[in-house]
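Asks: Note that full-length UniProt numbering has the sequence shown beginning at 1, numbered continuously upward.
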Amino acid sequence: MDIDDPQITVKRAEIIKKKKVLNTIYTRFYKTFKDFSELSPNGKKVELGSGSGFIKEIIPDCITSDIMKLPCCDMTFAAEKMPFKNNSLLF
1 MDIDDPQITV KRAEIIKKKK VLNTIYTRFY KTFKDFSELS PNGKKVELGS GSGFIKEIIP
61 DCITSDIMKL PCCDMTFAAE KMPFKNNSLL F
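See below:
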């Protein structure tokens with residue numbers, strides 16, 4: 001299977017959810033983002049490269065994205081071509 005195959009990303013997400021250490025690292029990282037986002041609630045929240053993650057479980061209004069089309073992501077785009085207006089994002 002090609003490393004860029006979307007099914008590989010789906011499998012990585014399953015592994016992250018099952019492995020306690022990985023799950024804890026991701027959860028703490030997302031909670032830190034959530035804490036900072038609450039300090040300045042204006043603007044959209046966007047996660048780049050969301051494919052293997054689960055940020056929506058911690059920050060439900062975060063827009064998830066990846067460079068490849070994945071069932072778990074809201075949007076598909078390359079980071080250097082983000083479809084948002086300047087200064088419209090919180091993070």
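By construction, the Cβ of each residue, glycine as well, lies at the ideal position given by its N, Cα and C atoms.
#1: Using only CA atoms, which one of E47, I15, F54 lies nearest to T76?
#2: Alpha carbons only, please: which of P71, C62, G49, S52 is nearest the one belonging to K31?
#3: Please confirm whether I16 and S50 have their CB atoms less than 8 Å apart.
#4: Can you look up I63 in the DSSP assignment and give me helix, strand or coil?
#5: Could you pull the start and end residues of the alpha helix (DSSP H) that E14 belongs to?
#6: Compare the C-beta of N86 against all C-beta atoms of chain C and say whether one is closer than 8 Å.
#7: Would you check if the distance between the CB atom of F84 and the CB atom of K44 is smaller than 8 Å?
#8: For R12, which residues in the same chain have their Cβ closer than 8 Å to its Cβ, ignoring the five residues on either side in sequence?
Replies: Looking at the atomic coordinates:
#1: The residue given as residue 76 occupies position 76 in the sequence shown. Shortest Cα-Cα distance from T76 to any of E47, I15, F54 involves E47.
#2: To locate residue 31, count along the sequence shown from 1; it is residue 31. That would be C62, whose Cα lies nearest to the Cα of K31.
#3: For the purposes of this step, residue 16 is taken as the residue at position 16 of the sequence shown. For the purposes of this step, residue 50 is taken as the residue at position 50 of the sequence shown. In this structure, S50 does not lie closer than 8 Å to I16 by Cβ.
#4: What you label residue 63 is simply residue 63 of the sequence shown in a count that begins at 1. Secondary structure at I63: strand, using DSSP grouped into helix, strand and coil.
#5: As a first step, residue 14 is located in the sequence shown; it is residue number 14 there, counting from the start. 6 to 18 is the span of the alpha helix (DSSP H), which, as asked, contains E14.
#6: Among the chains of the structure shown, chain C does not appear; only one protein chain is present.
#7: Walking along the sequence shown from the start, residue 84 turns up at place 84. Walking along the sequence shown from the start, residue 44 turns up at place 44. Cβ distance < 8 Å, so F84 and K44 count as in contact.
#8: The sequence position of residue 12 within the sequence shown is 12, counting from 1. Residues G51, S52 of the same chain have their beta carbon placed closer than 8 Å to that of R12, with the five preceding and five following residues left out of the count.
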